[in-house]
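Below is one structure, written out as C-alpha cells, with a few remarks after it.
Protein chains in written order, with our numbering: chain A, 14 to 692; chain B, 1173 to 1739.
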C-alpha cells in the first residue's frame, strides 16, 4: 500500500516529467480558452470565468505542489542552484498573487458629463435587473445569468435558469432607507424570476385582439431601413403612448384619434398656412401663405418670388437652430437668391453666376435689395411637420365609429397631400425614404438627392386591439461580433409575481442603466401606487470616492478637429476626486496611458471612451488592483532568478571548478563539491 | 513542348505589356515634379509619390497600371475620369465575396471575369443594383460586411481621384495646399486647391502675399495641366506640373517638407522601403557564412562578415530613413520611433536579431569573460554559426516584408506611413514592443539553429558539430526566454495603466504566455534527457516554439479578435 503511494508520488508530485506534463496541460487549456471561443461558450463561460474555473485551478494547485516538492527534494540549496530556487519562489508567488487578484478583481466604467459628479460605476461583467418606479431605481444582482445561449420554455430548456440566484428576486433601492420593490409600489410581496434569456435577439411588437378594447390600430409591413432584406411590422395605435408615433428611416408616422370629421378638416386646412411670408415693398404690403415650388407675383411691382426649399433645422452662424426658406427673387432688373429665417430680420442674399460662386451663388454680407423686406413665420399648430431628422410625416386620423382613415402627409419640400383609406386592408401610397447611407453617399459625391420612388404599402387596420411583444432571435450569420460581446442585444423574459397575480415581461439590455433611456417592459401590478418599468443592465457599484469631470479635451492628428472617424492623438479628462468620508479633494488628469491612481494605487481610473460628437462627456474605466504588488514581486523574482540561472550560475560553477582543481593540485581533499551538470 | 509554348506565351505577354505601356503622350509626361510634391492625406503629410503608390495599390492591388507606374497612373486617372470610371480598377480581395456579384443581372462572360480577375469598375460599383446587392449582403452576413466596407473604401478613394460626379479633370480633392501660418508640416489641416482658392476669394484680406500668389499660381498651373491633357500636348502638361510643384513649395516653406526629405521619401519608396536590397545582401552573407562553416575556407568567413555588415547597414538605413520620414508627420522624434505596427516591428525584430547574432559571432562576450574572470567556455564564435543565423533571420524578415504585398495583394499593416492610435503613443510601447519583438527575432534564430541541428543530426552526425550547434542554440534560447519573459511582464505593466488590468486573457497575451511555457518546457526537458537526444528534443521544441510565436505574432490578428489588433 505504502509502496504504491510512494510509486505514485515519485511519478507525480516528485517528478519533473509530471511537472512538464502539467505545464503542457496548462498551455493547452489556455490555448483552447483563448483560441477556440466556441468551447468556453458551450460551457457558458466568458474569458475571465473560463480561466478562473476548476480545471485550471486544479492544474495550478498540482503545479504549485509539484514545483514546491521537486524544488525541495531535488534542487540543492547551494549557490549555483539559487537561481532555480528564486524562479520557483517567484512562480509560486505569482500564482498566489494572481489567484487573489482574480478573486477580488472588479472592473467597470462610468460615464460623466462635463461639470457633473458621479459616485457609482457599472460593473463590466455582472448584470442586474433594474426596476424604476416613481423616479427611483431599485436593482438586484443577476449572478449566474447565462451569456452565450438562449433559454426559454419555448425552446424547451428553461430549467437551466431554474437556479436560486435567478428565482424570486427582490429588487432593492439602496441608500439610507433601504426600500424593496414592493414597498416602492405599495403592493404585497412582489418577486421576479428570470424565466427566459436570449443572447442576441430583437424585441418586436404586434397587434392582438383584446376583449374590451375599442382602440384602433394599424400595422404596416415595411423593409427595415437598416436591413433591407427583412420586413418589419410597424405599429400605430393612438391610445398607446409608445406606438402613437413611430418613424421609418426619415418618414414619421403618427396616429391621432380625432373627435370628429371637422377636426380632421381643420388639420388639413392648417397645412395650407404652414409658411407665412409678410412682404413689404414701397407701396405694397401683403401676407402670403406659400408652399415649396410655388411662385408668387408681388402685385404689379414687377417682383415675383419662387419658394425653392424649406430647411426646418438650419444652423445659423450664431449656432442657433432655426427654420429657413430659400427663395428665388425675380426683381424688375435682376434675379438673386434670398434666404429668410424665422425671427431673423436680416436676410442672406446670394449673387447668381458670379466668379467664384458656389452652387447657391456668391454670398453677400448685406441685402442686395434693401427695398424688398420679407418676414418669415412658420405655423404648425397641429404638429404635422416631421420632427428631428424626418423629411415627411404621415398623420393617420381616425374618428370613433367610422371605418374611414384620413392620412395627411406633410413633406418638407413639397405640397401636403391627403389620402383617404377605406376598409380594413387599404393601401397607402408612400414615398420610400432614402436610407441614411444613400443620403451620406449623395452628400459625399456631391450628387443631388434623387427623388425617392413611390411605393404602395398594404395597411392592416384592426379594431379592439392591443400591442403585444415577442422576441425574435437573430440568426448567427447576421450577428455582429462586437455587438454580441457588448451584450447590447440581450433580452430577458422576467416573470413578476405578487400573490396570485403574475405577468411575463420582456426586458432588454442597456449599458449604464441610469444614463441611457430604457426600453424595458412596463409593469402594472394590480393595486400598485404607480406603474413600473424593468431594464437589464450592468450592476451598479459604489465608487471609492466621488468623481467630478471638470473638463474634457480630445486632440486629433494633423490639426484636425476631434470628431468621429478622425485619428485621435490623446484624450484628457480633468477630474476632481472627493473623499466621501473626509471631504478631502484631489485633482487629476486622466489621459491615454496615464491614469489617475486613488488610495495609494488601490484603485485606478483610466480613459475608456469619449463623446465623439460634442466632447460633452467622458467614460472612465474603473478598476481595483488587488494583489498587483504580489504579482509584481513574483515577476521580479522570476526575472532575477532567470538572470542568475543563465548567466551567474555558469560563472559560479567555473569558479568552483577552478578552485577545486587548484585544491586538488595542492593535494587537498575537496569538500562540499559535487560535480554539477553544465546546462 | 509545354515549356516552349509557355516561353512563347511569356514573350507575347511581355510584348503586349510594353505595347500597352507605350502610350506616346504618357511617355512624354514628366511626373517627377509631381512625385516630389507633398500633400496631406489621412491626417499625414506625404509625397505624391507615396500617396499615389498607396492609393493605386489600395484600389487595384497592383503597383503599376497597364505598365504605367503609380504616380503617372494616378495622374492619368484624375485627368481622364470618364475613361477610368469604366475601367475595371477596383480589386475585390475577399474571394468568396466575388461570387455574390454573380446574382446580379450581368452576362455570363462578365460574371466569369469578375470571379477570375476579381475586379469591377467604378460605374459598376455605382449602379443601384450593385449598391442594393451590397446592402443586402451586408445585412444578411456580417462576416462579409468587412469585405464590403473595404470595397466601399476603395471606391470612395477612386471617386476622389475621379472627382466624381463633376469629373473636373483636376486633382481637386487632394490637399496640396499647406496651412497658412503653420510652423510644422502636420500642425494644421492642409486644403485642396479649389477649396483654398475659394476661401481666398471669399475672404481676400489678411493673407500672406506668398500664400495668395502661391495658391493662385497653383490654380493657373493646374489649369495648364488640364488644358494640356485635353489637347494631348505633353509640353504644356510638363510646364504646368513644374509650375504647381514650384509654387506649392513656396506657399509656406515652414510647413513644407524640405526637398531633401521628399527626395529621400521617393527613393525609399522606389527601393521597396529598402526591403529587398537588405534581404539580398543578407542572403549573400548567409551563404558565405554557411560555406565557411562546412568548408573552413577562411576568405569566405571574411566575405560573410563583409556582406553581413553591408546588410546591417542597409537595414539600419531602412529603419533610420523611416524614422526620419515618420518624424515629418508626427513632429516629434521620440514619438516617431518606427516600431508601432506590424511592418515596423518585423523590421526592428530582424535588426535586433542580426545585431545580437553578429555580436555573438565576434566572440567578444566569451573573450571578455576569459580576460576578466579567466573563465573558459565552449568556443561558439568565429565559426559562422551565429553569423548564418543572424543573416538568415534578417533576410527572411525583409524578404517577407517585400513579398507579402505581392502575394496577398494587400499591404502589411503599417507598410505605409500613417498615424497611430493614441493609445500607442507612449514610452511603454517602446519598452514592451522592443522586448517582445526582440525575443521573436531570437526565437527566429533558435528556429534556424534548431532546423540546422536536425539536418546535421540526420545527415552528418558529427558529434563535435552537433554539440557546438546545441550550445549555440541554447545561448539563443536563454536570451529569447528571459527577454520574452520581461516583454510579457512589461506588457502587463502597460496594460495595468492603460486598460486598467494587468492581465485580461486577451488572445495575444495568452499566446505569448503559451510561447513562454513552450520554452519553459524546453528548459525542464533538458534536466530529464541527456546527450544527443537532449539536443534533438531541444531543437524540435525550438521549431515548435517558433510556430507558436508565429501564430501569436501574425495568426492571432487574423483568426482571433482582441485588443492587440494593431500589431
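Note that beta-carbon positions come from the ideal geometry of N, C-alpha and C, so glycine has one too.
Distance from the CA atom of residue 479 of chain A to the CA atom of residue 421 of chain A, rounded to whole angstroms, is 24 Å. Here residue 518 of chain A is bridged, per DSSP, to A/507.
When C-beta distances to chain B are compared with 8 Å, the residues of the segment 582–601 of chain A below that value are 582, 583 and 584, in chain order. About 23 Å separates the beta carbons of residue 476 of chain A and residue 442 of chain A, which is beyond the 8 Å limit, so they are not a contact pair. Residue 1613 of chain B is positioned such that its CB atom lies closer than 7 Å to that of residue 1524 of chain B.
Distance from the CA of residue 530 of chain A to the CA of residue 555 of chain A, rounded to the nearest whole angstrom, comes to 21 Å.
When Cβ-Cβ separations below 7 Å define contact, residue 413 of chain A makes no contact with chain B. Contact of residue 1710 of chain B with chain A is not assigned, every C-beta pair being separated by 7 Å or more. Residue range 1406–1423 is occupied by the alpha helix (DSSP H) that includes residue 1419 of chain B. If you compare the alpha carbons of A/292, A/595 and A/560 with that of residue 588 of chain A, the shortest gap goes to A/560. Taking C-beta atoms under 8 Å as the contact rule, residue 1673 of chain B and residue 60 of chain A fail to qualify, at a distance of about 12 Å.
Residue 1444 of chain B does not reach chain A, its nearest Cβ partner there being about 26 Å away, counting only Cβ pairs nearer than 8 Å.
In this structure, the beta-carbon distance from residue 1556 of chain B to residue 1629 of chain B does not fall below 7 Å. Assignment of residue 1264 of chain B by DSSP, reduced to helix, strand and coil, places it in the coil class. Scanning its chain for C-beta atoms nearer than 6 Å, with the 5 sequence neighbours on each side dropped, one finds around residue 609 of chain A the residues 601, 603 and 618, in chain order. In terms of beta-carbon proximity, residue 1321 of chain B stays away from the interface with chain A, with every pair separated by 7 Å or more. Residues of the segment 89–112 of chain A with a Cβ closer than 8 Å to any Cβ of chain B, in chain order: 111. Under the DSSP assignment, residue 1452 of chain B falls in the alpha helix (DSSP H) whose first and last residues are 1447–1467. A distance of 7 Å or more separates the beta carbons of residue 1700 of chain B and residue 36 of chain A. In the DSSP assignment, residue 600 of chain A falls outside any alpha helix (DSSP H) and within the unbroken beta strand (DSSP E) covering 598–604. Counted as a single uninterrupted DSSP element, the alpha helix (DSSP H) harbouring residue 276 of chain A occupies residues 274–283.
For the segment 654–671 of chain A, the set of positions with a beta-carbon nearer than 9 Å to some beta-carbon of chain B reads 655, 656, 658, 659, 660, 663, 664, 667, 668 and 671 in chain order.
Interface flag for residue 608 of chain A against chain B is set, since a Cβ pair is found closer than 7 Å. Following the DSSP letters along the chain, one finds residue 564 of chain A inside the beta strand (DSSP E) bounded by residues 545–569. Contact check for residue 1243 of chain B and residue 1236 of chain B: beta-carbon distance about 11 Å, past the 8 Å limit, so the pair fails to qualify. Rounded to whole angstroms, the separation of the alpha carbons of residue 1710 of chain B and residue 1622 of chain B is 8 Å.
Along the length of the segment 397–432 of chain A, whole beta strand (DSSP E) runs at least 3 residues long occupy 405–411 and 418–424, reported in chain order. At least one C-beta of chain B is nearer than 7 Å to the C-beta of residue 47 of chain A.
Bounds of any alpha helix (DSSP H) do not take in residue 1277 of chain B, whose DSSP letter is neither H nor E. Secondary structure note for residue 637 of chain A: its beta strand (DSSP E) is the uninterrupted segment 630–637.
Within the DSSP bridge table, the entry for residue 135 of chain A names A/122 and A/553 as partners.
Assignment of beta-bridge partners to residue 230 of chain A by DSSP yields A/250 and A/475.
For residue 573 of chain A, at least one C-beta of chain B is nearer than 7 Å to its own C-beta. In this structure, the straight-line span from the alpha carbon of residue 1410 of chain B to that of residue 1203 of chain B is close to 8 Å. The C-alpha of residue 1303 of chain B is placed about 14 Å away from the C-alpha of residue 1270 of chain B. In the structure shown, residue 325 of chain A adopts extended strand secondary structure according to DSSP, grouped into three states.
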